[in-house]
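In our numbering, the protein residues as written are 1012 to 1227.
We put the beta carbon where it would ideally sit given N, CA and C, even for glycine.
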């Protein structure tokens, strides 16, 4: 049934009503898992109605589907909320809030410090804070996929630290490296053709990021 709803160009109010009706037959744990899996497919539609209705589903999940034994299921929904506000609303304050809730409830996944570093940098317009420094240091020890997004924000965090320490040589090296990572993203379609895994290695480049990089 969900696949039928997703075939349309727009996920509208009627789709939401049918989706909520469909979820009634599942446990709260299953509802959270289904929402986690379906959200990216709704996000991809990108039109105003689809995005608005996706937000309704996610907020509803936090209000009605959190009677669960493991916090893992809450974490799934909070992750999608963080992703939603980061990538589709560019509301980095809300994104950070939900990613923090994801961190508090997450019992299975790695990589949260890299995420929090990224959103802190976006939220604070790439300025130094003790919070940013903490997440940067913790992100170094995480196992990640080595994607451009991971490398980009770790390099930006490291650059901000080098600027704070007046390490001019490191600053210049990092500025060049950051610009190369951004430039390489222009060729991500070619990369996807040759990558053996299915993980898209391209960046989400909000305006605040591009303004920062262009001013380096």
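Identify, in the order they occur along the chain, each residue of the same chain with its Cβ nearer than 7 Å to the Cβ of residue i, setting aside the five sequence neighbours on each side.
i, result
"residue 1182", "1170, 1173, 1174"
"residue 1144", "1172"
"residue 1189", "1163, 1166, 1167, 1170, 1224, 1227"
"residue 1097", "1103, 1106, 1130"
"residue 1053", "1022, 1061, 1065"
"residue 1136", "1219"
"residue 1099", "1054, 1062"
"residue 1027", "1064, 1067, 1068"
"residue 1031", "none"
"residue 1184", "none"
Let me make sure I understand the geometry here. Which of the options has the alpha-carbon closest to that of residue i?
i, options, result
"residue 1055", "1123, 1045, 1022", "1022"
"residue 1051", "1121, 1149, 1124, 1093", "1093"
"residue 1150", "1121, 1140, 1138", "1121"
"residue 1123", "1029, 1164, 1153", "1153"
"residue 1108", "1099, 1119, 1076, 1127", "1127"
"residue 1077", "1106, 1098, 1037, 1027", "1037"
"residue 1057", "1019, 1161, 1138", "1019"
"residue 1049", "1088, 1180, 1138", "1088"
Whose C-beta lies closer than 6 Å to the C-beta of residue i among residues of the same chain, with five residues either side of it excluded?
i, result
"residue 1012", "1033"
"residue 1086", "1113, 1116, 1117"
"residue 1227", "1186"
"residue 1084", "1040, 1043"
"residue 1129", "1164"
"residue 1195", "none"
Just reading off the alpha helix (DSSP H) that residue i is part of, what are its end residues?
i, result
"residue 1058", "No alpha helix (DSSP H) contains residue 1058, which DSSP labels as neither H nor E."
"residue 1087", "1083-1098"
"residue 1139", "That residue, residue 1139, is in no alpha helix (DSSP H); it is neither H nor E in DSSP."
"residue 1103", "1103-1116"
"residue 1182", "1179-1195"
"residue 1168", "1159-1175"
"residue 1031", "1024-1034"
"residue 1223", "1218-1225"
When DSSP labels each residue in this structure, what does residue i get in the three-state scheme?
i, result
"residue 1130", "helix"
"residue 1047", "helix"
"residue 1066", "helix"
"residue 1021", "coil"
Could you give the C-beta distance for residue i and residue j, rounded to a whole number, given that I count them as a contact under 8 Å?
i, j, result
"residue 1215", "residue 1192", "About 13 Å; that fails the 8 Å criterion."
"residue 1134", "residue 1103", "4 Å"
"residue 1016", "residue 1046", "That pair is no contact at about 13 Å."
"residue 1101", "residue 1217", "5 Å"
Might you give, ordered along the chain, the residues of its own chain that have their beta carbon closer than 8 Å to the beta carbon of residue i, omitting 5 neighbours on each side?
i, result
"residue 1081", "1040, 1118"
"residue 1131", "1107, 1140, 1142, 1143, 1146"
Taking 6 Å as the cut-off, is the beta-carbon of residue i closer than that to any non-hydrogen atom of the ligand FMN?
i, result
"residue 1130", "Looking for the ligand FMN in the displayed structure turns up nothing, as the structure carries no ligands at all."
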